[in-house]
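Notes follow once the structure below has been shown.
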Amino acid sequence: MKSIVFGQLLEKLLYLSNQKKSTLARELGYDVSYISKWINAKNLPTQKNISIICKTTAEFIVKSLTPTSKQELIDYFEIDIDVSDKDVLTQYIERSLRESYLTTAGKGSLNVYKSTRSEDSYNSIMHINPRLRKQYLNKDFGIFATKSNKFDLIISANLYKLNNDEKMAIADMKEGLNKLSKDSDIRVRFLMGFEGSHEDIVFNTILIINMMTVYPNMKFEIYNCDVDSNAILAVIKDRIFHSAIFAKDRRCLFTSMSKEKHIIDEMYYSLEDILKNQGKLIAERKSPIDLIKDKIYIQYIMGQDLRWLIGSMNEFFMPYDLFMEVGASIFGDDPKILNELNQINIFLQNVTYISKIKVLMYESELKRYISTGELKFFNIPIKLTLEQRERHIKYIQDIVEKSENVEIKLVDGSFVEDFKNTADPSLYLSKNIKLAKTHPLNNINDYIIIKDNEFKNLCDELFKVLWNDREDVVISDKEEIVERISKTLAYARIINGTFNPNESYKI
């Protein structure tokens with residue numbers, strides 16, 4: 001601690017103990033302006049009073065610590081002595097404050113800078129240990145989301161230039177904020193650049209798709225925008241500003257934060273201006289009904305070069321009668337929608353399923369569907385009977401065995417180990433239209449229509465890599481695929497009581 005300027009050390013201790021300058025001022029019997037001047041390096045306590053100031057401050061800080069904040073303080077300053085006894089920690093902080101004071105006073109740094117606006121800005125930014133940056137960022141998000149019913153966050157980062165830990169930290173942030181969204185109006189806008197190496201295209205593209213599709217109840221938007229490739233900037237309106245600088249090897253070099261209003265305002269409105277004038281929203285959302293009514297769905301299936309990554313079982317590859325049965329059970333009171341569904345069904349049966357299609361289907365999802373009966377018909381969750389499931393799987397098996405145009409491959413596992421506990425993504429591509437689906441939550445089950453051309457190209461490249469290069473998890477052998485689907489169908493028939501043991505797995 002002694003290597004830190006006295007004012008910065010005092011500010012960090014207040015931050016870690018979640019205390020205010022005014023509270024410390026009352027404890028010391030000083031006006032709060034004195035505390036501000038010490039922190040801003042405009043002045044130092046007199047040598048006559050420094051002993052009592054250090055002792056009282058140390059006692060105040062330790063008394064304010066919770067078990068969690070105490071451990072954070074120990075981690076932050078990398079204290080390597082046993083401080084389980086409060087008196088030991090108090091003495092350690094008191095001694096550190098004294099040493100920092102003597103070092104700062106000995107450098108004579110107070111005579112180097114005068115009180116200027118730029119100096120005020122400089123001293124209002126506090127350095128944070130890079131190893132603990134994500135911890136403090138998440139903590140601050142949680143604090144400010146619970147303190148206010150409005151939470152407006154803008155993040156600027158180029159995922160293609162960050163290491164995977166940083167990428168996952170940004171993605172996981174959405175889960176944390178979702179837990180707070182019941183009590184707060186949360187809005188997140190993400191400025192993201194795609195410039196850089198595409199060697200991690202599978203990880204990066206699936207990560208972005210997941211960010212758009214999980215927790216659809218949140219106001220979460222991603223913009224394609226040229227951003228600083230070596231920095232992460234995050235600002236919560238009227239609350240706090242965080243930043244991090246990275247080296248070429250993707251290692252975090254420096255991090256900082258500020259709670260000064262003029263810095264927060266400057267960063268927030270600067271990023272918002274960039275977003276409005278340079279950012280391109282990479283996708284828009286539409287409800288299943290709007291997708292059907294606006295003819296977007298039928299335009300998609302009429303397109304060329306169809307490619308499907310099926311992360312959840314849906315309306316594809318249903319027999320004609322089953323498609324209409326399920327459609328009627330969901331939209332039975334809307335004759336216009338039923339008419340649209342009939343047109344879609346006719347086109348699927350007579351054009352799409354005899355055209356060239358490439359399909360990647362998660363085998364785990366196929367098995368889950370057989371076990372639970374849960375299916376997303378136009379992304380609307382519904383549970384099918386065992387008999388309906390059997391008809392569906394049998395139709396898929398017939399297509400695999402007989403079709404010369406529809407190529408179906410099974411995905412046995414996860415393309416990215418870090419996402420193995422995340423719901424599998426769904427992606428539907430054609431030459432002109434690219435769609436994804438949100439994971440339904442609280443009756444929100446929108447489709448994602450990808451609009452940004454650069455991200456469209458990345459989705460095309462993703463499917464190409466998965467289809468051609470991921471033999472470690474993709475099963476391409478037709479006989480093996482038929483056998484696996486036959487076993488799945490046999491399992492369905494065992495459950496349904498219609499299995500004939502003399503037929504083994506052959507249907």
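According to the UniProt record's numbering, the sequence shown is numbered sequentially starting from 1. In this text, a Cβ means the ideal position worked out from N, Cα and C, and glycines have one as well. None of these values were measured; they are calculated from a predicted model.
Contact the stretch 390-399 vs the stretch 318-327: 3+ CB pairs below 8 Å: The stretch 390-399 and the stretch 318-327 touch, with no fewer than 3 CB-CB distances between them shorter than 8 Å.
For A247 and L253, the rounded distance between their alpha carbons: C-alpha separation (whole angstroms): 6 Å.
Reference S371, options D334, F220 and R493, closest by Cα: Measuring from the Cα of S371, the nearest candidate turns out to be R493.
Through-space distance from N204 to V473, alpha-carbon basis: One C-alpha to the other measures close to 18 Å.
Residue burial classification, S33 (beta-carbon count within 10 angstroms, cutoff 16): It is exposed - the Cβ of S33 has fewer than 16 other Cβ atoms within 10 Å.
Contact the stretch 224-237 vs the stretch 148-163: 3+ CB pairs below 8 Å: Contact between the stretch 224-237 and the stretch 148-163 is present, because at least three Cβ pairs lie under 8 Å.
Span separating the alpha-carbon of I61 from that of K21: Taking the straight line from one Cα to the other gives about 12 Å.
Rounded separation between I263 and Y269 - CA only: Roughly 10 Å between the two C-alpha positions.
Terminal residues of the alpha helix (DSSP H) in which H262 lies: H262 -> alpha helix (DSSP H) spans K261 to Q278.
V359, enclosing beta strand (DSSP E) - first and last residue: From DSSP, the beta strand (DSSP E) with V359 extends over I357 to Y362.
Supposed contact pair N210 and F463 - C-beta distance, whole angstroms, cut 8 Å: With 8 Å as the limit, F463 and N210 do not qualify as a contact, their Cβ atoms being about 16 Å apart.
Helix, strand or coil at T116 according to DSSP, with G and I counted as helix: Its pLDDT being 34, under 50, T116 is placed unreliably by the model, and the measurement read from it follows with that caveat. Reduced to three states, the DSSP call for T116 is coil.
Alpha-carbon spacing of D75 relative to K12, whole angstroms: For D75 and K12, the distance between alpha carbons rounds to 13 Å.
Residues bridged to P381 (per DSSP): Answer by DSSP bridge pairing, in chain order: K376.
C-alpha distance - L427 paired with I155, whole-angstrom precision: If you take the alpha carbons of L427 and I155, they lie about 25 Å apart.
Cβ-Cβ distance between V400 and I485 below 8 Å: Taking 8 Å as the cut-off, the Cβ atoms of V400 and I485 count as close.
Start and end residues, beta strand (DSSP E) containing C252: First-last of the beta strand (DSSP E) with C252: C252 to S258.
Straight-line Cα distance separating F241 from K261: Between the alpha carbons of K261 and F241 lies a distance of about 9 Å.
According to DSSP, residues forming a beta bridge with E314: Going by the sequence as given, residue 314 is Asn instead of Glu. In the DSSP assignment, N314 forms a beta bridge with K376.
Limits of the alpha helix (DSSP H) - the one that I421 falls within: This sequence places Asn at residue 421; Ile is not what is there. If you look at N421, you'll find it isn't in any alpha helix (DSSP H); DSSP assigns it neither H nor E.
8 Å Cβ shell around F377 - same chain, five flanking residues per side excluded: Excluding positions up to five away in sequence, the list reads N314, E315, V326, G327 and I330.
One or two residues paired with V235 in a DSSP bridge: V235 is bridged to I154 and F241.
Which of helix, strand or coil DSSP assigns to V400: Annotated three-state conformation of V400 is helix, per DSSP.
Per-residue DSSP class, three states only, for V32: In the three-state DSSP reduction, V32 falls in the helix class (H, G or I).
N- and C-terminal bounds of the alpha helix (DSSP H) containing K167: K167 -> alpha helix (DSSP H) spans N164 to L180.
Exposure of R307, with buried meaning 16 or more beta-carbon neighbours within 10 Å: So R307 ends up on the buried side.
Identified DSSP bridge partners for N224: Paired residues: M192 and K280.
Cα-Cα separation between G5 and S256, rounded to whole angstroms: Looking at the sequence shown, residue 5 is not Gly but Val. Between the C-alpha atoms of V5 and S256 there is a straight-line separation of about 16 Å.
Pick from R189, V227 and L207 that is closest to D164, judged by C-alpha positions: According to the sequence shown, residue 164 is Asn rather than Asp. Of all alpha-carbon atoms in R189, V227 and L207, the one lying nearest the alpha-carbon of N164 is that of L207.
Straight-line gap, L92 to K219 (C-alpha atoms, nearest Å): The question names Leu, but residue 92 is Tyr in the sequence shown. Rounded to the nearest whole angstrom, the CA to CA distance from Y92 to K219 is 46 Å.
Segment limits, beta strand (DSSP E) that includes L466: Unbroken run through L466 is the alpha helix (DSSP H), N453 to D469; no beta strand (DSSP E).
Residue burial classification, G176 (beta-carbon count within 10 angstroms, cutoff 16): Residue environment: G176 is assigned as exposed (fewer than 16 neighbouring CB atoms within 10 Å of its CB, all protein chains considered).
Beta-carbon contacts of V88 that lie in its chain and below 8 Å, excluding the five residues immediately before and after: Counting only residues of its own chain and dropping the five nearest sequence neighbours on each side, V88 has a CB closer than 8 Å to the CB of I81 and D82.
Best match in V411, M267, Y300 and E404 for proximity to S364 [C-alpha to C-alpha]: When only C-alpha atoms are compared, the closest one is V411.
Residue range of the alpha helix (DSSP H) that includes K70: From DSSP, the alpha helix (DSSP H) with K70 extends over P67 to Y76.
Assigned secondary structure, D87 (DSSP; H/G/I helix, E/B strand, else coil): Helix.
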